[in-house]
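Residue numbers (our numbering): 22 to 398.
This is the structure we're talking about:
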């Protein structure tokens with residue numbers, strides 16, 4: 022059973038791998054859950070997702086995933102927000118943050134937002150989430166480090182900061198300027214290294230455990246009590262999402278090539294076919310051959326019919342399974358048309374090359390013997 026997780030600053034792929042075998046992808050943006058669903062996983066776990074400048078995960082794509090039999094979990098960050106909103110429809114929320122949003126204790130998106138760089142820096146958080154600050158201040162009060170007044174003041178200061186600016190150092194600096202006793206702030210500062218609460222991480226780990234527990238139960242595909250409504254907007258979103266292939270984080274291309282090379286004979290045949298394809302396409306380009314739009318359309322129609330791709334949804338699934346964008350597919354179709362053009366231009370030369378190839382691989386004699394036997398019958 023395959024599990025796909027969207028995570029980044031909350032949990033690293035290494036941390037998730039120690040607890041659950043899963044495909045880990047970067048924080049999700051709009052369309053990513055749809056593209057992940059095309060892989061037909063058992064479950065999708067949404068932890069981190071983008072806010073602000075990048076369109077956020079759309080509720081509709083989560084609903085579609087569940088209607089397709091996929092168990093969708095949410096926790097900690099964007100996942101907690103979407104799970105709170107879609108719990109009535111069957112999305113599974115896990116953790117204290119999800120519960121706070123579900124119950125109306127928390128409402129603002131900035132409660133879970135953090136600043137973070139990209140993949141080159143492993144999405145490490147550059148600020149502290151408000152939900153973590155709240156949990157930390159509550160524990161400090163329980164531990165007798167902060168009195169109720171100081172706890173409320175620090176919490177108010179943190180909430181008033183823009184989320185990328187939230188850090189304990191900045192909060193303590195502002196608290197000192199507002200007259201919070203230095204001895205209390207000093208005690209809190211000394212307590213922080215061992216006492217700070219990372220509630221987002223706690224909740225994300227709980228979600229991994231919940232997914233693992235469900236996998237052991239093996240309940241089969243997700244079942245929902247409602248019908249998914251197809252709309253014009255949903256069709257447009259599908260088409261837009263299919264334009265961008267979900268980047269494989271599991272080294273799929275290398276795995277495919279390594280698996281192919283485990284069978285030397287199959288690898289040799291594929292290498293020969295690929296080389297022939299490439300040379301034919303290159304020759305057609307050098308000769309200045311053009312591809313008529315009608316020829317490309319016919320090739321696309323044949324491609325879809327031969328693979329039983331009846332609509333854009335089927336095509337989207339094929340693209341996702343093969344880690345291929347529409348642009349890549351158009352390139353493949355054009356290359357196939359050029360190969361056909363080269364074959365039609367020099368059929369005798371192609372036959373001669375084919376016979377030489379069969380002699381080289383040893384298949385010539387086998388096929389000749391088979392042909393004689395068939396003729397004798």
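Ideal Cβ placement from N, Cα and C applies to all residues, glycine included. Given the structure is predicted, the values throughout are model-derived calculations rather than measurements.
| field | residue 247 burial status per 10 Å Cβ neighbour count (16 or more: buried) | value | Exposed, since its Cβ has fewer than 16 Cβ neighbours within 10 Å.
| Assuming residue 158 and residue 172 make a contact with CB atoms under 8 angstroms, what is their CB distance in whole Å? | The Cβ separation is near 5 angstroms, so the contact holds.
| request: Could you tell me which residues DSSP pairs with residue 26 in its beta bridges? | output: Residue 26 is bridged to 45 and 66.
| request: Evaluate contact between the region 112 to 132 and the region 212 to 225, counting only Cβ atoms and requiring at least three cross-stretch pairs below 8 angstroms. | output: Using a C-beta cut-off of 8 angstroms, the region 112 to 132 makes contact with the region 212 to 225, since at least three inter-stretch Cβ pairs fall below that distance.
| Is the region 200 to 215 in contact with the region 160 to 169, if contact means three or more CB pairs nearer than 8 angstroms? | They touch, by the three-pair rule.
| said: If contacts are defined as beta-carbon pairs under 8 angstroms, then residue 93 and residue 67 qualify, I think. What distance do you get, rounded to the angstrom? | reply: Confirmed, Cβ separation roughly 7 angstroms.
| message | Let's test the definition: count the other Cβ atoms within 10 Å of the Cβ of residue 85 and tell me whether it reaches 16, buried, or not, exposed. | response | With a threshold of 16 other beta carbon atoms within 10 Å, residue 85 meets it and is buried.
| task | Below 7 angstroms CB to CB, which residues in the same chain sit around residue 386 once its five sequence neighbours on both sides are set aside? | result | Cβ neighbours of residue 386 beyond the five flanking positions: none.
| request: Out of 362, 233, 106 and 360, point me to the one whose CA is closest to residue 38's CA. | output: When 362, 233, 106 and 360 are compared, the shortest CA-CA separation from residue 38 is found for 233.
| How big is the Cα-Cα spacing for residue 394 and residue 345? | When only Cα atoms are considered, residue 394 and residue 345 end up about 44 angstroms apart.
| task | Can you tell me the Cβ-Cβ gap for residue 46 and residue 25, rounded? I've got them flagged as a contact below 8 angstroms. | result | About 6 angstroms; that satisfies the 8 angstroms criterion.
| query | Among 169, 231 and 391, which one has its Cα closest to the Cα of residue 95? | reply | It is 231 whose Cα lies nearest to the Cα of residue 95.
| request: Within 10 angstroms of the Cβ of residue 342, are there 16 or more other Cβ atoms? Answer buried if so, exposed if not. | output: With fewer than 16 other Cβ atoms from the protein chains shown falling within 10 Å of its own Cβ, residue 342 counts as exposed.
| task | Just the C-alpha distance for residue 190 and residue 207, rounded to the nearest angstrom, thanks. | result | Approximately 11 angstroms between the Cα atoms of the pair.
| query | Quick one: Cα of residue 179 to Cα of residue 124, how far? | reply | About 22 angstroms.
| Below 8 angstroms between beta carbons: does that hold for residue 77 and residue 112? | Judged by beta-carbon spacing, residue 112 lies beyond the 8 angstroms limit of residue 77, meaning their Cβ atoms are not closer than that value.
| said: Quick check on DSSP: helix, strand or coil for residue 15? | reply: Residue 15 is absent from the model: the chain starts at 22 and stops at 398.
| Of all the alpha helix (DSSP H) runs that stay within the bounds of the region 134 to 172, which reach a length of 4 or more residues? | The region 134 to 172 contains these whole alpha helix (DSSP H) runs: 151 to 163.
| field | beta-carbon residue 289 near the ligand COA non-hydrogen atom, thresh 7 angstroms | value | You won't find the ligand COA in this model; it holds no ligand whatsoever.
| task | Only counting runs of 4 or more residues, tell me where the alpha helix (DSSP H) segments fall wholly within the region 169 to 218, in order along the chain. | result | Restricted to the region 169 to 218, the alpha helix (DSSP H) segments that are unbroken, complete and at least 4 residues in length are 169 to 181, 189 to 198 and 203 to 216, listed in chain order.
| said: Starting from residue 116, trace the alpha helix (DSSP H) in both directions and tell me its first and last residue. | reply: First-last for residue 116: undefined, no H or E at that position.
| Collapsed DSSP secondary structure at residue 340 in the structure displayed | Correct three-state label for residue 340: helix.
| Between which two residues does the alpha helix (DSSP H) containing residue 34 stretch? | Membership of residue 34 in the alpha helix (DSSP H) is indicated by the continuous run 34 to 38.
| task | Would you give the residue range spanned by the alpha helix (DSSP H) that residue 323 belongs to? | result | For residue 323, the enclosing alpha helix (DSSP H) has its first and last residue at 314 to 327.
| field | C-alpha gap between residue 97 and residue 148, whole angstroms | value | When rounded, the separation of the alpha-carbon atoms in residue 97 and residue 148 is 15 angstroms.
| field | Of the listed residues 90, 82 and 251, nearest to residue 245 (C-alpha basis) | value | Just measuring C-alpha positions, the residue of 90, 82 and 251 sitting nearest residue 245 is 90.
| message | I need the boundaries of the alpha helix (DSSP H) containing residue 386, first residue and last residue. | response | Judged by DSSP secondary structure, residue 386 falls within the alpha helix (DSSP H) whose first and last residues are 384 to 397.
| Does the separation of the CB atoms of residue 63 and residue 236 fall below 8 angstroms? | Yes, they are a contact pair.
| From residue 35 to residue 42, what does the alpha carbon distance come to, in whole angstroms? | If you take the alpha carbons of residue 35 and residue 42, they lie about 10 angstroms apart.
| task | Out of 200, 354, 255 and 155, point me to the one whose CA is closest to residue 188's CA. | result | In terms of CA proximity to residue 188, 155 leads the group 200, 354, 255 and 155.
| Can you check whether the CB of residue 107 is closer than 8 angstroms to the CB of residue 80? | Against a cut-off of 8 angstroms, the Cβ pair of residue 107 and residue 80 comes out as a contact.
| query | Is residue 88 closer than 8 angstroms to residue 70 when the C-beta atoms are compared? | reply | Judged by beta-carbon spacing, residue 88 lies beyond the 8 angstroms limit of residue 70, meaning their Cβ atoms are not closer than that value.
| query | Alpha carbon to alpha carbon, what distance is there between residue 335 and residue 316? | reply | One alpha carbon belongs to residue 316, the other to residue 335, and they sit about 22 angstroms apart.
| field | Spatial distance of residue 293 from residue 364 (CA atoms) | value | The straight-line gap from Cα to Cα measures roughly 16 angstroms.
| field | Option nearest residue 255 by Cα separation, candidates 369, 28 and 55 | value | If we check each option's Cα against that of residue 255, 55 comes out closest.
| field | Sequence-distant residues of its chain with Cβ nearer than 8 angstroms to residue 201 (five each side left out) | value | So the list reads 171, 174 and 175, once near-sequence residues are dropped.
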